[in-house]
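Input: a single structure, listed below in structure tokens.
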Amino acid sequence: MSSTDTKVDDLVDRDYAAGFVTDIESDTFPPGLDESVVRAISAKKGEPEWMTQWRLAAFERWKTMTPPDWAHLNIPPIDYQTISYYSAPKNPDDAPKSLDEVDPKLLETYDKLGIPLLEQQMLAGVAVDAVFDSVSVVTTFKDKLKDAGVIFCPLSEAVHSHPELVKNYLGSVVPVEDNYFACLNSAVFSDGSFVYVPKGVRCPMELSTYFRINEQNTGQFERTLIICEDQAHVSYLEGCTAPMRDENQLHAAVVELVALEDAEIKYSTVQNWYPGDEQGKGGIYNFVTKRAECRGARSKVSWTQLETGSAVTWKYPSCVLIGDDSVGEFYSVAVSSKKQQADTGTKMVHVGKNTRSTIISKGISAQQGQNAYRGLVRMGPNAENGRNFTQCDSLLIGDQCGAHTFPYIEAKNPSARVEHEATTSKVSDDQLFYLRQRGISEEDALNMIVNGFCKDVFQKLPMEFAVEAEALLGITLEGAVG
Amino acid sequence: MLEIKNLHARVGDKPILKGINLSVGEGEIHAIMGPNGSGKSTLSSVLAGHTDYEVTDGEVIYQGENLLEMEPEERARAGIFLSFQYPVEVPGVKNIYLLKSALNAKRAHQGLDEINPVEFLKLVREKLALMKMDEAFLHRNINEGFSGGEKKRNEILQMQLLEPTLGLLDETDSGLDVDALRIVGEGINHLRAENRSFVMVTHYQRLLDHVKPDYVHVLAGGQIRASGDFTLAQRLEKEGYEGLLAEA
Ligand SMILES: Nc1ncnc2c1ncn2[C@@H]1O[C@H](COP(=O)(O)OP(=O)(O)OP(=O)(O)O)[C@@H](O)[C@H]1O
Ligand SMILES: [Mg+2]
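Those sequence lines, one after another, are chains A and B.
Under our numbering, the first residue of the first sequence is numbered 4, with each subsequent residue one higher.
Under our numbering, the first residue of the second sequence is numbered 10, with each subsequent residue one higher.
This is how it looks when you write it as structure tokens:
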């Protein structure tokens, strides 16, 4: 075994190195992946035979694939046989019982984020007593959704309660064989959210994964499926603001969105996985496949994301604009500091007529961070009058970091227009000095400049997330100057 | 209030200030004139704490404290305000946000609570009126797309709000039209007080017609080569630096 392999082993084997101190008795499979493991995962979840077969087919396919190597990332090879593919607390009583049992560093982060104590307990997976308000909050919230006809439940539950919907849509946007990581996810996915908004329904509230993650402590292979029928609307928030329980691990998630006629889906992510330490040791390898299909005419999907965590990010939320007049949007802020590497961007695939897409990408690199934007805009032969506007800005803090832009444009229809603007700027000493001369601390001055740079994107985030995003950026860039 | 003794400073390997001596008393106004590249902006930057400049010798005492040991923000909070010759743009950050953050930083230093928003707006509007500036400037990004004169006016607006103890004005008059010059002049006069001093860098006597200095100094080659009262500026206007410095 080469030394890089050993390093990865270190990474994946390390117990609670950066996270929780609580020893939780969990039901964990021994490391390794073969057909019996896939079957065992399926059995653990009591899945019907069709689901088991689906997983097995994915696994067969995965064995024939090789990991992609085109990204601007430097990743040591990962030994998939050293990873455990299933882990769950044996019994809910094993969760930390009070905040005293939770890593104080984590609590410090929550404090900085201004998250209220009760919510801190939930984020940390502390079993919150049923008499607490939040529990009833969760319940009323479920009733309200039910009244509206919205289905919002774990995917593992939907497999049983709504098998037809799952069968119809699972893997229909991101096919099993789409890419190496998506294929692996299809074989071993642990859990995730399922959202179904019926025709004409506007989901009465923002849906969030906060609770779900903490209630169920899902693993590193999540899978989310959101379906919006004709004229349906939903706004979904994915809050990975808390470092997860199983930290130094591979995270390979799949998200599929389907928007039918006049439907609208807004998907926001604030991602703050553990990024690893200053030496680049540890951290999450985040390989995520997120894709939306705007199948109906005039449908619309927006992806808004703030990526601050992970050691390595490989992520390209995409829109396939099939319906005529459909709209895809991508607003992104990606930060790489310390030794983080991010290769992220989007794909806008214009299939139908008059389809429009907007891409606003803000990349921030600090310390030795490397940030790459990779964006594909494809105007298909039938994309009459297709329009894309791409704005891709990079901000450098210090001179050891890097920003890279890889735009790919394919235009197969002469009436389509693609516009691309790119800028690279540096946080200048003069800007910092100007603000400090007004009495503002160096740290605050940097935050001000960086937040100003990200403003176009933060404006697209739901209000409470925007506040959190700003706070998070501040924490991420702590110590990036000076 | 400010005592500069034998101040030497350099940028990289290049010495720029070569032994500045200057003493500014409470309530005084000092004008600093001098040829391009003589080190006037460098002096203001060093006093404000810009890290590009390395002090190699000498000392600066401000209100009894060693100024050179303080961080730029500490100097600002202690009442030093620099009106920049070239104010920088900060994209995406609204002017009003800077004003509020700066004021609150100062208040925190004084042990006061953050100003309440209603009171703040009232105060800012008062200062805007004084500077004859449109409220729209509050909601524009800091200096972004401002004309040269607007940037200078914006600097003085900030100074009005922060009410410093020592104002360092680096060519605030450059780029101003006649009306703006009068407004800025009035703005500075408005702040004149027994315990507030100013050091104004300028190339022209016209600002000094509005704001009459107590002392005028000529900085050349990194040193103060001549000092006098208001009439020194008038002589400069007639004789130019070459003539004046040849006599000195
Ligand atoms: N950051 C820097 N890097 C290199 N040289 C510098 C730097 N700052 C100042 N200098 C040099 O130091 C000298 C003095 O500059 P300074 O800006 O202080 O002059 P000034 O008296 O303000 O001139 P002006 O009247 O044109 O504004 C100039 O020769 C200038 O080029
Ligand atoms: Mg100058």
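Note that CB positions come from ideal geometry on N, CA and C, so glycine has one too.
Just so you know, these numbers come straight off a predicted model, no measurement behind them.
Measuring alpha carbon to alpha carbon, tell me which residue in B:Ala255, B:Gly252, B:Pro222, B:Arg244 is nearest B:Ile41. B:Pro222
Find the nearest neighbour of A:Cys322 within the set A:Gly378, A:Tyr437, A:Cys395, judged by alpha-carbon distance. A:Gly378
Local conformation of A:Asp459 per DSSP, three classes: helix
For A:Leu148 and A:Pro207, the rounded distance between their alpha carbons: 7 Å
If you check the beta carbons only, do A:Cys395 and A:Tyr411 fall under 8 Å apart? no
Ignore the nearest five residues each way along the sequence and tell me which others in B:Arg134's own chain have a CB closer than 8 Å to its CB. Glu144
Starting from B:Thr174, find everything on chain A with Cβ-Cβ shorter than 9 Å and list it in chain order. Here the premise fails: no neighbours, minimum Cβ distance about 13 Å.
Beta-carbon proximity list for B:Glu12, same chain, < 6 Å, skipping 5 on both sides: Ser32, Ile70
For the structure I just gave you, are there three or more beta carbon pairs, one from the region 322 to 334 of chain A and one from the region 343 to 355 of chain A, closer than 8 Å? yes
A:Gly49 lies in the alpha helix (DSSP H); which residues open and close that run? No alpha helix (DSSP H) contains A:Gly49, which DSSP labels as neither H nor E.
CB of B:Gly101 within 8 Å of CB of A:Lys170, strictly: no
Would you report the Cα separation of B:Arg234 and B:Leu147, rounded to the nearest angstrom? 42 Å
Should B:Gly7 be flagged as near chain A, meaning a C-beta pair shorter than 8 Å? There is simply no residue 7 of chain B to check, as chain B begins at 10 and stops at 257 in what is shown.
Name the residue from B:Lys109, B:Asn45, B:Leu26 whose alpha carbon lies nearest to the alpha carbon of B:Gln167. B:Lys109
How many whole angstroms separate the CB atoms of B:His199 and B:Leu139, which I take to be in contact at a CB cut-off of 8 Å? 7 Å
From A:Trp306 to A:Ile362, what distance separates their C-alpha atoms? 10 Å
Going along chain B, which residues have a C-beta under 9 Å from A:Asn444? For clarity, residue 444 of chain A is Ser in the given sequence; the question names Asn instead. Result: Glu80, Glu82, Ala114.
Cβ distance (whole Å) where A:Glu232 is taken to contact A:Lys202 below 8 Å: 4 Å
Mind listing the chain A neighbours of B:Gln167? Cutoff is C-beta to C-beta under 9 Å, in chain order. Arg441
Could you tell me which chain E residues have their CB closer than 7 Å to the CB of A:Tyr199, listed as they occur along the chain? Here chain E cannot be found, since the structure's protein chains are A and B.
Please work out which residues of its chain come closer than 7 Å, Cβ to Cβ, to A:Pro465, disregarding the five sequence neighbours upstream and downstream, and give them in chain order. Glu209, Ser238, Leu240, Ser271
Is B:Asn45 a contact residue of ligand 1, with contact defined as CB to any heavy atom under 7 Å? yes
Using 8 Å as the limit for Cβ to Cβ distance, is A:Asp132 near chain B? Below a pLDDT of 50, predicted positions are generally treated as unreliable, and A:Asp132, at 30, falls in that range; no measurement from the model is reported.
Does the distance from the C-beta atom of A:Thr358 to that of A:Ala386 stay below 8 Å? yes
CA-to-CA distance, A:Leu399 to A:Gly405, given in whole angstroms: 7 Å
Beta-ladder partner(s) of A:Phe155, from DSSP: A:Val198
How long is the line joining the alpha carbons of A:Ile216 and A:Leu480, rounded to whole angstroms? In this prediction, A:Ile216 has a pLDDT of 33, which is less than 50 and means its spatial position is unreliable; what the coordinates show is noted afterwards. Each residue's alpha carbon lies about 26 Å from the other.
Using a cut-off of 7 Å between C-beta atoms, extract the partners of A:Gln536 located in chain B. No answer is possible for residue 536 of chain A: the residues shown for chain A start at 4 and end at 485.
Under 8 Å by beta carbon: chain B residues contacting A:Ile367: Ordered by position in chain B, no residue passes the 8 Å Cβ test against A:Ile367, which lies about 12 Å from the chain.
When you compare the region 62 to 77 of chain B with the region 114 to 131 of chain B, are there three or more beta-carbon pairs, one atom per stretch, that lie closer than 8 Å? no
By C-beta, the residues closer than 7 Å to any heavy atom of ligand 2, given in chain order: B:Lys49, B:Ser50, B:Gln94, B:Asp179, B:Glu180, B:Val210
Under a Cβ-count criterion, where at least 16 other Cβ atoms within 10 Å of its own Cβ denotes burial, should B:Leu121 be classed as buried or exposed? exposed
Go ahead and label A:Gly174 buried or exposed: buried means 16 or more other beta carbons lie within 10 angstroms of its beta carbon, across all protein chains shown. buried
From A:Val198, A:Glu310, A:Arg42, residue whose alpha carbon lies closest to that of A:Arg226: A:Val198
Considering Cα atoms alone, identify which of A:Lys318, A:Gly366, A:Ser444, A:Ala300 is closest to A:Lys293. A:Lys318
Measure the C-alpha to C-alpha separation of B:Lys14 and B:Phe93 and round it to an integer number of angstroms. 23 Å
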